[in-house]
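Since the structure comes first, as structure tokens, the remarks are kept for the end.
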């Protein structure tokens, strides 16, 4: 309960809270994209030959692809030659401990509310923080290491565990999967890597914080999570970006592999800069997230709270290959002002007795457009597949739009697929009722929206749920009345 | 405490209140009765600041302040409480959470510190007894799936929590069985003090057996056409509203 008061207290500042820029020296590649830039990135990161070859193959494929135009979003053409594809905070030597980390950078984390030291001491969350695609510090590595858990930056994984990276990278999201995945595969600079060995239950939430800092950079990180048989991990990812007039591109790839009886819970709170009221600036968030329940009885659960970005294009998906495997997708997508979101999920039922559950809560305000797009596909041999989908839309005002595009393809007659959808408006009656009890309109909206999203927010780990509630309130400030 | 002078209000250009005059002093209970469509609920809504209604004239003084110039939330924070005829449902928001938000915003307005979780819960416990409301009801989403009686009891519980100066009960008796009515009335009576006042808007005399008013006013066609003591309510019960209508219609001709 105290968290609610805290949230309401912090409702007073209405601007994008994370809009500062950290003045740290960065080491950047020149603008533009060609094979030389890719070689530059690969060389900077001292990568093995096979990885460079993989990047170049992805790049060559990318050149043959066309940017997707089917999402229900509009934005000007992206000039891929006007982006800096590599930008790393300048450091003399790689950090061995927190003390080695640039103090300005640590300040940034403090502003984000994820002071590494504090996180370390108080919450027991292991944080791998990524700024401009380079992982600067990984906490808790030692204690996780004792359990055989690997949690490190992607670059480090390439250096230390090349066999794992080679085996799994691109196995869930192939390099040529789609336009933005191919782009990412060509130019990704860092990201997070997580490996949970057989039978291990990860004792803490693993958390990564992404932030785009330097101007005109794209952020292309990759996350790879591998859960071996009978293991469990809960993984958190948070995102912010400084406020800028120009648009920035974020094209990430997340891959999750779950072996027999493994369970992966992936939660994300995304708060990229959404642009100003007139739609100037903001992040283009074009992300491919996919998990495969490869083994029988495995489970992958996606929970996302999307409040930021100018344009979002994102469909965290589950391939339910193992028999009895379970896929879940819980989503809150909030759009305000000129934001556009086209988000949803894909549940591909391949194995027998596979189950999936989709709960999507869209909130649209201002002149924003919010679309849910989902695919439930039941393959021929997926006997007794079950799906339940619920897609709710909440509208605020009369200038925003909510759209639902549910696709269902079933090739097995034993499948049971349920789809429920509702659209509602925040009622004047509800607001007046709150006002009459002394609650101002902003807080009333926050209260009502949080209530509406409760089913999804309940899926988030505690600290994240608090942050998510605050973000919802902040995002919707000024949207009523 | 409350002084309404020549209050006129309309909705969508249809005049509803055509010159209300009413004085309410601390410690008093006033009943406002009248036939359907006479403007009873409109009066309650206008006092609480509902925006659909347009105030066309008159004034409302509440504890020396020009009430009509205040926003609905500031009226609430100044001490006006409206028990709704049809309390709304807010899915996913527990009564507890809702009330804590409300109480702390009111406290902030008055320059008081927010109540911490422990003090808030003990206050809740104390007030729960008063209106015989069950804990399980308060952990559920606000009014969602509540029965008519549960909703009304919850309104009175909120009133007990927020301790208003002036409570306006809008047809709180409608849809209540006799037991619920007794519980609601007990709640209202036990909250009564020499410092606060209550306006009971009702169609029937029945509630006034339990909440005994100091004054009864009959509202008809947007005006208070007759005022009296609780005997007037009994007379209305017996004779209906027709004689009042006739009297009033004659007087306006």
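Protein chains in written order, with the numbering used here: chain A, 26 to 506; chain B, -13 to 239.
Heads up, the beta-carbon is just placed ideally off N, CA and C, and yes, glycines get one too.
> Where do the ends of the beta strand (DSSP E) carrying residue 385 of chain A lie?
Replying inline: Locating residue 385 of chain A in the first chain gives position 360, where the first residue counts as 1. 380 to 389 is the extent of the beta strand (DSSP E) around residue 385 of chain A.
> What did DSSP end up calling residue 16 of chain B once you bin it into helix, strand or coil?
Replying inline: Here residue 16 of chain B refers to the residue found at position 30 when the second chain is read from its first residue. Three-state DSSP puts residue 16 of chain B in a strand.
> How is the alpha helix (DSSP H) around residue 181 of chain A delimited, first residue to last?
Replying inline: The residue labelled residue 181 of chain A in the question sits at position 156 within the first chain. Unbroken alpha helix (DSSP H) run through residue 181 of chain A: 179 to 185.
>> For a minimum of 4 consecutive residues, which ranges assigned as the alpha helix (DSSP H) are wholly contained in the region 2 to 72 of chain B?
In response: 26 to 34 and 58 to 64
> In whole angstroms, what is the alpha-carbon distance linking residue 58 of chain B and residue 458 of chain A?
Replying inline: As a working mapping, residue 58 of chain B is identified with position 72 in the second chain. As a working mapping, residue 458 of chain A is identified with position 433 in the first chain. So the alpha carbons of these two residues sit roughly 9 Å apart.
> From the DSSP output, which residues share a beta bridge with residue 372 of chain A?
Replying inline: Within the first chain, numbered from 1, the residue matching residue 372 of chain A stands at position 347. Residue 372 of chain A is bridged to A/343 and A/401.
>> Just to check my reading of the structure: residue 542 of chain A and residue 294 of chain A have Cβ atoms closer than 8 Å, yes? What is that Cβ distance to the nearest angstrom?
In response: The shown model of chain A, from 26 to 506, leaves out residue 542 of chain A, and the question about it has no answer.
> Assuming residue 205 of chain A contacts residue 177 of chain A under a Cβ cut-off of 8 Å, what Cβ separation, rounded to an integer in Å, is found between them?
Replying inline: For the purposes of this step, residue 205 of chain A is taken as the residue at position 180 of the first chain. For the purposes of this step, residue 177 of chain A is taken as the residue at position 152 of the first chain. Not a contact, Cβ separation roughly 25 Å.
>> Suppose the cutoff is 6 Å on Cβ atoms and the five residues either side in sequence are ignored; what does the same chain contact list for residue 47 of chain B look like?
In response: For the purposes of this step, residue 47 of chain B is taken as residue 61 along the second chain, with counting starting at 1. Around residue 47 of chain B: -11.
> Would residue 302 of chain A count as contacting chain B if we go by Cβ distances under 8 Å?
Replying inline: Walking along the first chain from the start, residue 302 of chain A turns up at place 277. No, residue 302 of chain A lies away from the interface with chain B (no Cβ there is under 8 Å from its Cβ).
>> Applying the 10 Å Cβ sphere with the 16-neighbour rule, what's the burial state of residue 125 of chain B?
In response: Residue numbering aside, residue 125 of chain B sits at position 139 when the second chain is read from its first letter. Exposed: under 16 other Cβ atoms inside 10 Å.
>> So, at 6 Å on beta carbons, what are the nonlocal neighbours of residue 31 of chain A in its own chain, with the 5 sequence-adjacent residues on each side left out?
In response: Position 6 of the first chain holds residue 31 of chain A. Residue confidence is low: residue 31 of chain A scores 44 on pLDDT, short of 50, so the model does not pin down where it sits. No coordinate-derived value is stated.
> In chain order, what residues of the same chain have a beta carbon less than 6 Å from the beta carbon of residue 99 of chain A, not counting five sequence neighbours either side?
Replying inline: Mapped onto the first chain, residue 99 of chain A falls at position 74. Cβ neighbours of residue 99 of chain A beyond the five flanking positions: none.
>> Does the CB of residue 499 of chain A have a neighbour CB from chain E at under 8 Å?
In response: The chain labelled as chain E is not found among the protein chains of the depicted structure, namely A and B.
> For residue 178 of chain B, which of B/-6, B/-1, B/120 and B/12 has the nearest alpha-carbon?
Replying inline: For the purposes of this step, residue 178 of chain B is identified with residue 192 of the second chain, where counting begins at 1. Nearest of B/-6, B/-1, B/120 and B/12 to residue 178 of chain B, Cα basis: B/12.
> Can you list the alpha helix (DSSP H) stretches of 4 or more residues lying completely in the region 193 to 261 of chain A, in chain order?
Replying inline: 204 to 212
> Listed in chain order, which residues of the region 66 to 84 of chain B have Cβ atoms closer than 9 Å to some Cβ of chain A?
Replying inline: 66, 67, 68, 70, 72, 73, 74, 75, 76, 77, 78, 79, 80, 82, 83 and 84
> Using the C-alpha atoms, what's the distance from residue 283 of chain A back to residue 379 of chain A?
Replying inline: Sequence index remark: in the first chain, residue 379 of chain A carries index 354 (1-based). Sequence index remark: in the first chain, residue 283 of chain A carries index 258 (1-based). Answer to the nearest angstrom: the Cα atoms are 14 Å apart.
> From residue 220 of chain B to residue 130 of chain B, what distance separates their C-alpha atoms?
Replying inline: For the purposes of this step, residue 220 of chain B is taken as residue 234 along the second chain, with counting starting at 1. For the purposes of this step, residue 130 of chain B is taken as residue 144 along the second chain, with counting starting at 1. Cα-Cα distance, rounded: 36 Å.
> Do residue 173 of chain A and residue 222 of chain A have their C-beta atoms closer together than 8 Å?
Replying inline: Locating residue 173 of chain A in the first chain gives position 148, counting from the first residue. Locating residue 222 of chain A in the first chain gives position 197, counting from the first residue. Taking 8 Å as the Cβ cut-off, residue 173 of chain A and residue 222 of chain A qualify as a contacting pair.
>> For a contact defined as C-beta to C-beta under 8 Å, what are the partners of residue 185 of chain B on chain A?
In response: Taking the second chain and counting its residues from 1, the one referred to as residue 185 of chain B is at position 199. Here the premise fails: no neighbours, minimum Cβ distance about 14 Å.
> Roughly how many angstroms separate the alpha carbons of residue 83 of chain B and residue 172 of chain B, rounded to a whole number?
Replying inline: For this step, residue 83 of chain B is matched to residue 97 along the second chain. For this step, residue 172 of chain B is matched to residue 186 along the second chain. Going by the C-alpha atoms only, they are around 25 Å apart.
> In chain A, which residues lie with their C-beta within 9 Å of the C-beta of residue 62 of chain B?
Replying inline: Along the second chain, one-based indexing puts residue 62 of chain B at 76. Those are 460, 461, 462, 463 and 464, listed as they occur along chain A.
> Any residues in the region 26 to 37 of chain B with a beta carbon nearer than 7 Å to a beta carbon of chain A? Which ones, in chain order?
Replying inline: 34 and 36
> Quick one, are the C-beta atoms of residue 359 of chain A and residue 482 of chain A less than 8 Å apart?
Replying inline: Along the first chain, one-based indexing puts residue 359 of chain A at 334. Along the first chain, one-based indexing puts residue 482 of chain A at 457. Their beta carbons are not under 8 Å apart, which means residue 359 of chain A does not touch residue 482 of chain A by this criterion.
> Quick one, which of A/433, A/436 and A/386 has its alpha-carbon nearest residue 419 of chain A's?
Replying inline: Numbered from 1 along the first chain, position 394 holds the residue referred to as residue 419 of chain A. Selected option, being the one with the closest Cα: A/386.
> Who are the neighbours of residue 59 of chain B on chain A, taking C-beta pairs under 7 Å?
Replying inline: Here residue 59 of chain B refers to the residue found at position 73 when the second chain is read from its first residue. Simply 460, 463, 464 and 465.
> Mind checking residue 226 of chain A: buried by the 16 CB within 10 Å criterion, or exposed?
Replying inline: Taking the first residue of the first chain as 1, we reach residue 226 of chain A at position 201. It counts as exposed.
>> When you compare the CB positions of residue 110 of chain A and residue 66 of chain A, do they come within less than 8 Å of one another, or not?
In response: Within the first chain, residue 110 of chain A is the residue found at index 85, counting from 1. Within the first chain, residue 66 of chain A is the residue found at index 41, counting from 1. In this structure, residue 66 of chain A lies closer than 8 Å to residue 110 of chain A by Cβ.
> Residues of chain B with CB under 8 Å from residue 494 of chain A, in chain order?
Replying inline: Here residue 494 of chain A refers to the residue found at position 469 when the first chain is read from its first residue. What residue 494 of chain A touches in chain B: nothing, since even the nearest Cβ is about 11 Å away.
>> Taking contact to mean 3 or more Cβ pairs, one atom from each stretch, closer than 8 Å, check whether the region 440 to 447 of chain A and the region 471 to 486 of chain A are in contact.
In response: no
> Given that a residue counts as buried once 16 or more other Cβ atoms are within 10 Å of its Cβ, and exposed if not, what is residue 253 of chain A?
Replying inline: The count along the first chain starts at 1 and reaches residue 253 of chain A at position 228. So residue 253 of chain A counts as buried.
> So residue 142 of chain B and residue 69 of chain B are in contact, right, with Cβ under 8 Å, and what is the actual spacing, rounded?
Replying inline: Position 156 of the second chain, counted from the first residue, corresponds to residue 142 of chain B. Position 83 of the second chain, counted from the first residue, corresponds to residue 69 of chain B. Correct: roughly 7 Å between the Cβ atoms.
> Does the beta carbon of residue 415 of chain A sit closer than 8 Å to a beta carbon anywhere in chain B?
Replying inline: Counted from its first residue, the first chain places residue 415 of chain A at position 390. Cβ-Cβ to chain B under 8 Å: no for residue 415 of chain A.
> According to the Cβ coordinates, are residue 233 of chain A and residue 485 of chain A closer than 8 Å?
Replying inline: Indexing the first chain from 1 puts residue 233 of chain A at position 208. Indexing the first chain from 1 puts residue 485 of chain A at position 460. Not in contact: residue 233 of chain A and residue 485 of chain A (Cβ atoms no closer than 8 Å).
>> I'd like the list of long-range same chain contacts for residue 375 of chain A, defined as Cβ closer than 8 Å, with 5 residues on each side in sequence excluded.
In response: Here residue 375 of chain A refers to the residue found at position 350 when the first chain is read from its first residue. For residue 375 of chain A, where only same-chain residues beyond five positions count, the Cβ hits under 8 Å are 344, 345, 346, 404, 406 and 407.
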